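Trainee:
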Amino acid sequence: MASFDERPRSATTSRFSKTSSLDCDQGCFGSCTRGSPIVAYNLAVLCYVMHVNRRTDNQRWRFSMSSTLNNAHSFLVSVARGGRGLMVTPHALANPPRPEEPIELYHFEACPFCRKVREVLSELDLEYVSRPCTKGEGENRAFVRSKGGKEQFPFLVDPNTGAEMFESEDIIDYLAQTYGGGRSTLGKLASPINTATAVAAGLLRHRGARLRRGANDQPKPDEMLVLYNFEASPYCRKVRETLDELGLDALVKNVAKKSKRRPELVERGGKMLVPYLADPNTGQEMYESDDIVAYLEETYG
1 MASFDERPRS ATTSRFSKTS SLDCDQGCFG SCTRGSPIVA YNLAVLCYVM
51 HVNRRTDNQR WRFSMSSTLN NAHSFLVSVA RGGRGLMVTP HALANPPRPE
101 EPIELYHFEA CPFCRKVREV LSELDLEYVS RPCTKGEGEN RAFVRSKGGK
151 EQFPFLVDPN TGAEMFESED IIDYLAQTYG GGRSTLGKLA SPINTATAVA
201 AGLLRHRGAR LRRGANDQPK PDEMLVLYNF EASPYCRKVR ETLDELGLDA
251 LVKNVAKKSK RRPELVERGG KMLVPYLADP NTGQEMYESD DIVAYLEETY
301 G
């Protein structure tokens, strides 16, 4: 069944639980999610909204509606981008690129040029270290300034080759040439359209642009958080936004459709579902975007 790998959550789902319910509590989710990812998602949300008004607990109803609307809003960004970052490219499938050390990306979620690079990383099945550079963030922005003399994003560092560079198009060319078998002529010609739709997506949802007040004063985790993710997922986007707004670095393990890394996630968490967060500092590991966001805010916010 095609999906974006997290379903509209039931309002009775417990927080921070790896065994919480993921289905519509009316039992009809399986029958209304056949078909394309876009059709499946829209039908699932419609089903969920139709049933949620049967609840008698007002607080749960408000939380459910807020979560559903947030999911739908995030989903619009994926639609605007045409599902970029959803599927691993044929070349990456045949020649799975596995650099010895993860690439480092200095970026922030709301930046349209950063989005283009993250999509390519997802499609090439590359994991990377996310270094948030939201407005107001100190350490990562200072590093970029020391390297390039300016605060411009995205900025990529590849410890495997020593490459360091600004400019999304240059970064995409580099990634395609180094790990993807080269960039197609059509891809280069479509670059202006690609940038325009990325900008439109950023205007639709501008979260993950600014550091939350007081986040610089919070102690950073000793060990890096791990996020299983793929760029097109609206649920993963919610988690990435929170990580960026809290200024938290993370090792992002991309698991787009057909990724060779998917069995690793299934072995670790028990099922193929994203997002999935692992925090080695507390031992917490969990699915469900709302649970992950709540955990991050309570632990590091």
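Sequence positions in the sequence shown follow full-length UniProt numbering and run 1 to 301.
All residues carry an ideal CB built from backbone N, CA and C; glycine is no exception.
In this text, all values refer to a predicted model and were calculated from it rather than measured experimentally.
Would the segment 128-141 count as touching the segment 88-107 if we require 3 or more Cβ pairs under 8 Å?
Mentor: Flag = yes, the segment 128-141 and the segment 88-107 touch.
Trainee: Looking at residue 247 and residue 216, is the spacing between their C-beta atoms short of 8 Å?
Mentor: Contact flag set, yes.
Trainee: Excluding the 5 residues flanking residue 258 on each side, which residues of the same chain have their C-beta closer than 7 Å to its C-beta?
Mentor: Counting only Cβ-Cβ distances below 7 Å, and skipping sequence neighbours, we find 87, 88, 93.
Trainee: With a CB to CB cut of under 8 Å and the five nearest residues on each side skipped, what residues in its chain are close to residue 298?
Mentor: Answer for residue 298: no residue qualifies.
Trainee: Taking 6 Å as the limit between beta carbons, can you name the residues of its chain near residue 353, skipping five residues before and five after?
Mentor: Summary: the structure shown does not reach residue 353, with the chain confined to residues 1 through 301, and so no result is reported for it.
Trainee: Around the C-beta of residue 229, are 16 or more other C-beta atoms found within 10 angstroms, so that it is buried, or is it exposed?
Mentor: Buried, since its Cβ has 16 or more Cβ neighbours within 10 Å.
Trainee: Where does residue 134 land, buried or exposed, given buried means 16+ other C-beta within 10 angstroms?
Mentor: Buried.
Trainee: Please give me, in chain order, every unbroken run of the alpha helix (DSSP H) with length at least 4 that falls completely inside the UniProt domain "GST N-terminal" (101-183).
Mentor: Listed in chain order, the complete alpha helix (DSSP H) runs (minimum 4 residues) inside the UniProt domain "GST N-terminal" (101-183) are 112-123, 139-148, 168-179.
Trainee: Mapping the DSSP letters down to three states, classify residue 88 as helix, strand or coil.
Mentor: Coil, per DSSP.
Trainee: When DSSP labels each residue in this structure, what does residue 222 get in the three-state scheme?
Mentor: Three-state result, residue 222: coil.
Trainee: Apply the 10 Å Cβ neighbour rule to residue 214 and answer buried if 16 or more other Cβ atoms are within range, or exposed otherwise.
Mentor: With fewer than 16 other Cβ atoms within 10 Å, it is exposed.
Trainee: Mind checking which residues open and close the beta strand (DSSP E) that includes residue 278?
Mentor: 276-279 is the extent of the beta strand (DSSP E) around residue 278.
Trainee: Assuming residue 121 and residue 175 form a contact by the criterion Cβ under 8 Å, report the distance between their Cβ atoms to the nearest whole angstrom.
Mentor: Yes, they are in contact, since the Cβ atoms of residue 121 and residue 175 sit about 7 Å apart, within 8 Å.
Trainee: In the DSSP assignment, the alpha helix (DSSP H) including residue 239 goes from what residue to what residue?
Mentor: 234-245 is the extent of the alpha helix (DSSP H) around residue 239.
Trainee: According to DSSP, is residue 300 helix, strand or coil?
Mentor: Three-state result, residue 300: helix.
Trainee: With respect to the alpha helix (DSSP H) encompassing residue 265, which residues constitute its N-terminal and C-terminal limits?
Mentor: Per DSSP, residue 265 belongs to the alpha helix (DSSP H) from 262-269.
Trainee: For residue 140, I'd like the list of residues in its chain whose CB is within less than 7 Å of its CB, leaving aside the five on either flank, ordered along the chain.
Mentor: Excluding positions up to five away in sequence, the list reads 106, 131, 132, 133.
Trainee: Quick one: give me the first and last residue of the beta strand (DSSP E) that residue 250 is part of.
Mentor: It spans 250-254 - the beta strand (DSSP E) in which residue 250 sits, taken as one unbroken run.
Trainee: Mind checking whether residue 276 and residue 284 have CB atoms under 8 Å apart?
Mentor: No. Outside cutoff.
Trainee: Smallest Cα separation from residue 300: which of 100, 223, 264?
Mentor: Selected option, being the one with the closest Cα: 223.
Trainee: Compute the beta-carbon to beta-carbon distance between residue 154 and residue 114, rounded to the nearest angstrom, for a pair I have assumed lies under 8 Å.
Mentor: Contact flag correct, Cβ pair sits at about 4 Å.
Trainee: Measure the CB-CB distance between residue 293 and residue 238 and report whether it falls below 8 Å.
Mentor: For residue 293 and residue 238, yes; Cβs fall inside 8 Å.
Trainee: Could you tell me the alpha carbon to alpha carbon distance between residue 150 and residue 143, rounded to whole angstroms?
Mentor: Taking the straight line from one Cα to the other gives about 10 Å.
Trainee: Can you tell me whether residue 267 is buried or exposed, with buried defined as 16 or more other CB within 10 angstroms of its CB?
Mentor: Residue 267 should be labelled exposed.
Trainee: Please return the same chain residues whose Cβ sits closer than 6 Å to the Cβ of residue 221, not counting the five positions on each side in sequence.
Mentor: These residues qualify, in order along the chain: 281.
Trainee: Residue 287 by DSSP, collapsed to three states: which one?
Mentor: It is coil, neither helix nor strand.
Trainee: Using DSSP bridges, identify the partner residues of residue 210.
Mentor: Answer is 135.
Trainee: Hey, residue 269 and residue 244 are a contact pair by Cβ (cut 8 Å); roughly how many whole angstroms apart?
Mentor: Actually they are not in contact, since the Cβ atoms of residue 269 and residue 244 sit about 23 Å apart, beyond 8 Å.
Trainee: Would residue 168 and residue 116 qualify as a contact pair, given that the criterion is a beta-carbon distance under 8 Å?
Mentor: Contact flag set, yes.
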